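Reviewing the structure listed below.
In this note's numbering, the protein residues as written are 5 to 339.
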């Protein structure tokens, strides 16, 4: 559908994109609050408000580099139309709902990227992909949890050395306070990286319809809408995934929760400033495994961690398949 859309259709597609953003917040709320809930520093109902606030204000800290990558660096913007965007969003939403129902912390980010690739390739074949941007994103699948893992391990070592003369009670009390800061930073990084993905989707849709002039950009109303949708989703919580992330991978103390969140937040900050759309799920999982492994290798429930990795591997192709099937179904419907 390479023709101008009517206003109701355009508004409807933007609403579907914001629905994905809301589900992203719902699905990935666990990334922001799992550690602070599992260490009992904050009760769940207060933790979601804390995370939602920092999700929303993230646009005041970061640029829009990730939105630029999603809008122009995954598939060729010239082949984008309403059908491609609709198929991409349905592919991502369906996979998010399936993994949420099963309690699997998969990546909303990579579900969206898989949806874009599936919808774009269904329309234009393999040439639709922008391989430089796509390869950078795929590389981040490996690097983001690895960096989170290593940073968290180093932080545990440094903090343990610095606290060697303190009593366990004093250490616990100090890190209960410090976890407020680390959880804030992680929620800020989550809102900064993840909300920009939906901004990129809406902006490339507006660009394809000639509403942005001749140059790709992200209008401020799109920024505010996406940050608000994600924050609202976070408020709704993702309790199934909180249990997996906060309790089933390894048992956390406030000190370890602080190290996991700080290591994960540093990884997200670096990626967001570089314009790399990473997975907050991958990042915090790597960091949680890192703090568990720093204590002892057997402290990590590797069977749970490995099942999460399997979900990571299949997310992009699974979402791409759903998106491609959706695109073809739309072709049949409109003929």
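For each residue, glycine too, the CB sits at the ideal point set by N, CA and C. All of these numbers come straight from a predicted model, not from anything done at the bench.
query: Would residue 119 and residue 92 qualify as a contact pair, given that the criterion is a beta-carbon distance under 7 angstroms?; result: yes
query: Quick one: which unbroken alpha helix (DSSP H) runs of 4-plus residues sit fully inside the segment 12 to 75? Chain order, please.; result: 48 to 61
query: Residue 265: buried (16+ other C-beta within 10 angstroms of its C-beta) or exposed?; result: buried
query: At which residues does the alpha helix (DSSP H) containing residue 208 begin and terminate?; result: 172 to 212
query: For the candidate residues 226, 296, 236, whose alpha-carbon lies nearest to that of residue 71?; result: 226
query: So, for residue 20: in the same chain, excluding its five sequence neighbours on each side, which residues have a beta-carbon less than 6 angstroms away from its beta-carbon?; result: 93
query: Measure the Cβ-Cβ separation of residue 229 and residue 114 and say whether it is below 7 angstroms.; result: no
query: Short check: CB of residue 86 to CB of residue 24, under 7 angstroms?; result: no
query: Would you kindly work out how many angstroms separate the C-alpha atoms of residue 153 and residue 147, rounded to a whole number?; result: 10 angstroms
query: Taking the alpha-carbon of residue 28 as reference, which of 84, 80, 38, 195 has the nearest alpha-carbon?; result: 195
query: What three-state label does DSSP hand residue 250 in the structure shown?; result: Model confidence at residue 250 stands at a pLDDT of 48, short of 50, so the residue's coordinates are unreliable; what they give is reported in the following sentence. It is helical.
query: Using a threshold of 7 angstroms, state whether the C-beta atoms of residue 66 and residue 276 are closer than that.; result: yes
query: What would DSSP say about residue 78, mapped onto helix, strand or coil?; result: coil
query: Let me confirm a value: residue 122 is counted as buried when at least 16 other C-beta atoms fall within 10 Å, else exposed. Which label applies?; result: buried
query: Buried or exposed: where does residue 278 fall if 16 or more other Cβ atoms within 10 Å of its Cβ makes it buried?; result: exposed
query: Whole angstroms are fine: how far does the CA of residue 188 sit from the CA of residue 49?; result: 15 angstroms
query: Given a cut-off of 7 angstroms, decide if residue 281 and residue 74 are closer than it, judged by their beta-carbon atoms.; result: yes
query: Does the Cβ-Cβ distance between residue 125 and residue 294 come in under 7 angstroms?; result: no
query: Cβ of residue 42 within 7 angstroms of Cβ of residue 256?; result: yes
query: Give a yes or no on whether the C-beta atoms belonging to residue 334 and residue 98 are separated by under 7 angstroms.; result: no
query: In chain order, what residues of the same chain lie with their CB nearer than 6 angstroms to the CB of residue 46, ignoring the 5 residues before and after it?; result: 40
query: Measuring CB to CB, does residue 269 end up less than 7 angstroms from residue 60?; result: no
query: Any idea if residue 139 is buried or exposed, counting beta-carbon neighbours within 10 angstroms, 16 or more meaning buried?; result: exposed
query: Pick out whichever of 207, 287, 213, 321 has its Cα sitting closest to the Cα of residue 151.; result: 287
query: Compute the Euclidean distance between the alpha carbons of residue 338 and residue 219, then round it to the nearest angstrom.; result: 30 angstroms
query: Taking only runs of the alpha helix (DSSP H) that begin and end inside the segment 115 to 180, which ones reach a length of at least 4 residues, in chain order?; result: 135 to 166
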